[in-house]
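Protein chains in written order, with our numbering: chain L, 822 to 1075; chain A, 259 to 657; chain W, 447 to 789; chain Y, 18 to 465. C-beta atoms are modelled at their ideal positions from N, C-alpha and C, and glycine is treated no differently. Notes follow the structure.
Below you can see the structure in the form of structure tokens.
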């Protein structure tokens, strides 16, 4: 069953057709990768899914409900979490606080005037946050300012923050971009582990073929704003069209 | 204790002790001595110190936590003041309804201004708030004169209707009171050459300030407070974490507007008069300066900043040439003249100069404001472990 | 009709003052990323350059005139400017009369110097600091500067008249076929408008057509990249600060005959010029100029008696009202770039 | 703890309770209950001089302060005695006030009512001032006057020209020596009619706040009574610095006279702008265009420079007056400071002396006694001719000067020439005149 259904989505920026006629279906509990050369429209598509952009045409259904016209925070509350290319965390806050915020968002919704009771008294939330940190091996950094962590740790924290909301769909935007090989492998392992332990669907945009082929169960290749092929990794590897349009170019990108 | 952790409770107790003992602490010099000029323990200034403390505490909830720099907060103080004085003119000289109404009206006005201004961020937000405040000032000073008294402001008169109070004897000045306790009532304690004044109004204002301070600690330590700091840190992440930052910032804006209204109401309760200059942009700027000077985002910083500025304004501005000559009278004539000439430009009518220099020195050398200065001194002497991770964010300078 | 033409003329003149100040403010903001609250003070110092220069020209020695008495009944002391001794009375008077235009020559190096000192001594250390800190430190500096001026010149305005040749006003009405005296405009204000146009044009040309300007523009767009190219952008920014200070100062010099300078004239303009800059859009030079003229014209229209009868008090709030409307309809002002000072 | 309704320096009635819990030896003030705020107990008496020291009126404030210092010197027997020699009342001995040496404290009003009240309060509460005086605007005067009424001290207003100070906002503890808008109008109108004729069309520019309103009303009603027509009256914001947009349309309106109801910086700028527009070189309705400035001050005239030449206005006092009082004052002020005093300095000096004299005559610092001594007090020799401090509204009634900007000034102080000394009868009005209506003095408040 498809949890995310993208139908006939198109988006123009002035004279530029960023997305042509995108149809995409992400099956529940799968890992689905979207690849494509630079300018293929991957990020535009992603932004259409999370409410940052509104497509000109077509529909985006998540779990049977349309996400179009909803604000990012509403879409998030529906169960879609997003990991950014460069980790977006609360740099001025401590690691623990970074973890607490999604926990509160999960429990209290988009806004709650929760101004009197101290955080110290929220034992359930604190417990959950610390548990997540432990799981992500960040617990010894809990009092650290998030901005002062290493990039790898920031990435882990961001993923942990997304997971704390128990999303049904996790969107990853080039999660290993700019990472050293060791960090990349750690992230792959982390994502694999997440997949094993949770009922979660993962959609990933990635340049790095190593990452894609290690994780993905299905792959969609995007070129010039339209999907070229959609298939299993094994089939994609050998697909002549893909080689021609894409893989040649990725060698320098990766 | 009181829902606070040990450290915060300690801070609250220290502040409570300081405010309660302010009549002693602010009057360290004996009457008649040359240094008595520096005594600040008289009712009016003590009242102003705590009232502007409230104003700055409230401003800090908005600016210190969310990073939204409002340049129009004096408008809420002014609106609160006008609301309070009209309650005193129409209803009763009892300060309770005046203060309550001033909070409510300022809150409503802040809701309106915030709802519009928060559509923009950064400097665009600052200018929007400034525009609203300047319009309020300009209108209050001119076309709204029938409501605001314009240039001459409003004072209660014995001819006002005041439906809850009995009619005053002709010629009696109406006095602000709390169920009969006159705000201006004072007792004096004479100890040797020292005179300490205990003023009813001051203690009421101080208690309100303590409550306001306590509330601000609770807000800082609450999930709401954390969300506000999240707004400042990364709005993008906040939105993608399912949180709607608008109502959070609007709530912070309204709360700080209500604090400003409370300060405005208290000003009227202590000194029953309102003038439109209270809303001029320099007054809005002043609270920004108080907050940054003390340390934005810290709990106690704004109170310290407010205290410093008001102290300068009221004490340093009163040091005239005669006073200087009196100080240095014991020195040989030439040196006396030299000292007087050197110091004179910085005191009395030159107090603005000293203020400007202090602003510059603090920002240049203490980016975190006076609180950072205190921490440095503490580290120097106390060898206490610096509290880097203190969740009040005192470590990170304000944006 | 004639009333409308007159107010447009007025608005252009008013706007040229706003535009000049906003231009300097935007130059500093756009190149250095610094919010300079001391910019109004620079304008004020410019005006006081004119005051000082005319004081300097009238430096006098006293001659006791036994025939006249002063207010206490003592023999009067007559002040004779040294310049009379040098050039004779007629030439001396002519030079004194032209003090304001002449002081332009003096004020350029003075203002550039002040700009250099400010940038190297203070502002430089605040590039990486939060905007709030920049505001506080420059505000402190503005207070210090104006208090220093007040200490030496007092709080009263000091009359600094334009040369006699520019006294009176030009009758546009008669020229355009209206009744005489319906559209008159003072010569000096026309001079001011022309002067502002020249300065604005010169700044734009400088940024557009010189290599220096191109580097600075590139730096405004992306400081790091330009730095990577090995160009010493800091030095250029210092020069830019000097230019901005000179623009503000010259605006002040020429403004001195319009309103007698006083020590707080900078603060009076500060808030207004920030509104102009923001309405124009942070970091946009054409925006600043456009907004300056737009607000000037609107302010002039709002002060017409007919308009005031219709909406009492509109002249008090027009600028702020327009600012609110523009910022709500155009999120980044008229011509602002995305992401500049929105955090 | 029980609170006694005393402010500082007054005696505590029941303060003993306050010290009950303290182990240190405590003493109550030894003096007896004197029944009013800040009753002077020692050998000195403290006066509070509350003048603008920062902001646009700082120079005027500085001149006021000079006058006060001079007054204190004279009261304490120093200097040449100044106006004490010419003052019709001879109660002052030059030995302070009631034998107590006069001391003073100063404060900065910033020309803001809040700041003025704060500094007045600090003088009352901290320094024990028994009288507050000074100020350079009506907003401040009204605010501080109301404060002094509440606190139970006397307020001797400085420069305040609005009708409201002794009109709708008058207070029993407050007194004004300075003249007001009504008097300006009443004094100016006949002179204007005389000089410019009775069929003038006037265009008013009015500062958009209380003082502007009362001045416009006063000048309008008295000039209209002379036959002038008011073509238009436009309000200008207080914060306006460039008045071109208001002045440019004046000629189009068909007006031949421009009345600038502005003061301070506003007046300097609007007058400078008007002259720049060349209005005074124009002919309208076959008449020379004229400009009028209802309230003149020499300090402001100095700011406007040559632009004041030939322009009519009114003033409270001018140093070129030749009566004995004025001469004495100019002499002692000029000798001490090297330049002639401004009208602000004069009114402040006189107010300080009048207060001291009233205390001497009343034999008490008690505000109610002082009020009684000042009410309906007639005096002379203070530079304005015979003067009455009217009991009904605490306003001084005296001759008003109509002045004109001098064409050929002989010195930097010689900017105005006296055109006419309007006799007091012509500027006197009923206490319940419509322009003054709506207020009530109440009764004097001695405070504690």
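- Counting along the chain, residue 452 of chain A sits inside the beta strand (DSSP E) bounded by residues 452-457.
- Contact between the region 154-161 of chain Y and the region 175-189 of chain Y is established, with three or more Cβ pairs separated by less than 8 Å.
- In terms of Cα proximity to residue 619 of chain A, the closest of W:583, W:543, W:696, W:517 is W:583.
- Three or more Cβ pairs closer than 8 Å define a contact, and the region 597-606 of chain W falls short of that threshold against the region 248-262 of chain Y.
- For residue 450 of chain A, the number of other beta carbons within 10 angstroms of its own is below 16, and it is reported as exposed.
- Of the other Cβ atoms in all chains shown, 16 or more fall within 10 Å of the Cβ of residue 228 of chain Y; this residue is therefore buried.
- Counting along the chain, residue 481 of chain A sits inside the alpha helix (DSSP H) bounded by residues 481-491.
- For the alpha helix (DSSP H) assignment, the uninterrupted runs of no fewer than 4 residues enclosed by the region 515-559 of chain W are, from N- to C-terminal side, 528-533, 535-543.
- Residue 531 of chain A sits in coil when the DSSP states are folded into three classes, being neither helix nor strand.
- Nearest in C-alpha terms to residue 703 of chain W, of all of Y:267, Y:268, Y:258, is Y:258.
- The beta-carbon separation of residue 109 of chain Y and residue 374 of chain Y, rounded to 6 Å, stays under the 8 Å limit for a contact.
- Nearest in C-alpha terms to residue 69 of chain Y, of all of Y:355, Y:362, Y:234, is Y:362.
- The residue among Y:449, Y:372, Y:334, Y:60 with its C-alpha nearest the C-alpha of residue 434 of chain Y is Y:334.
- Between the region 274-292 of chain Y and the region 229-247 of chain Y, the count of Cβ pairs shorter than 8 Å is three or higher; the stretches touch.
- In the three-state reduction of the DSSP assignment, residue 413 of chain Y falls in the strand class, which pools E and B.
- With 16 or more other Cβ atoms from the protein chains shown falling within 10 Å of its own Cβ, residue 290 of chain Y counts as buried.
- Considering only A:417, A:431, A:622, A:445, the residue with the shortest C-alpha distance to residue 576 of chain W is A:622.
- Taken in chain order, the complete alpha helix (DSSP H) segments of 4 residues or longer contained in the region 63-92 of chain Y are 75-92.
- The Cβ atoms of residue 517 of chain A and residue 270 of chain A do not sit closer than 7 Å to each other.
- Sixteen is the threshold: when 16 or more other Cβ atoms of the shown chains lie within 10 Å of the Cβ of residue 221 of chain Y, as they do, the residue is buried.
- Sorting A:397, A:366, A:554 by C-alpha distance to the C-alpha of residue 323 of chain A places A:554 at the top.
- When 7 Å is used as the limit between beta carbons, residue 255 of chain Y is near these residues of chain A: 399, in chain order.
- Chain order gives no chain Y residues near residue 261 of chain A, where near means a beta carbon separation below 9 Å; the closest approach is about 30 Å.
- Interface annotation, residue 471 of chain A: not in contact with chain L, CB-CB separation never under 7 Å.
- Around residue 906 of chain L, the same chain offers 994, 995, 998 as residues with beta carbons nearer than 6 Å, after the five sequence neighbours per side are excluded.
- A Cβ-Cβ contact shorter than 7 Å links residue 483 of chain A with residue 477 of chain A.
- In its chain, beyond the 5 residues on either side, 60, 61, 93 have a beta carbon closer than 7 Å to the beta carbon of residue 118 of chain Y.
- Sorting A:370, A:530, A:628 by C-alpha distance to the C-alpha of residue 559 of chain A places A:628 at the top.
- Looking only at A:386, A:540, A:312, the smallest Cα-Cα distance to residue 469 of chain A is reached by A:312.
- Residues of the same chain with a CB within less than 6 Å of the CB of residue 406 of chain Y, apart from the 5 flanking positions on each side, are 391, 394, 413 in chain order.
- Bounds of the beta strand (DSSP E) holding residue 445 of chain A are 444-449.
- Separation of the CB atoms of residue 687 of chain W and residue 474 of chain W is rounded to 6 Å, and the pair is thereby assigned contact status at 8 Å.
- Scanning its chain for C-beta atoms nearer than 8 Å, with the 5 sequence neighbours on each side dropped, one finds around residue 614 of chain W the residues 632, 633, in chain order.
- A residue is called buried once 16 or more other Cβ atoms fall within 10 Å of its Cβ, and residue 509 of chain W, having fewer, is exposed.
- For chain A, the residues of the region 578-593 of chain W that bring a beta carbon within less than 7 Å of one of its beta carbons are 578, 579, 582, 583, 585, 586, 587, 589, 590, 593, in chain order.
- Counting along the chain, the unbroken beta strand (DSSP E) around residue 437 of chain Y starts and ends at 433-439.
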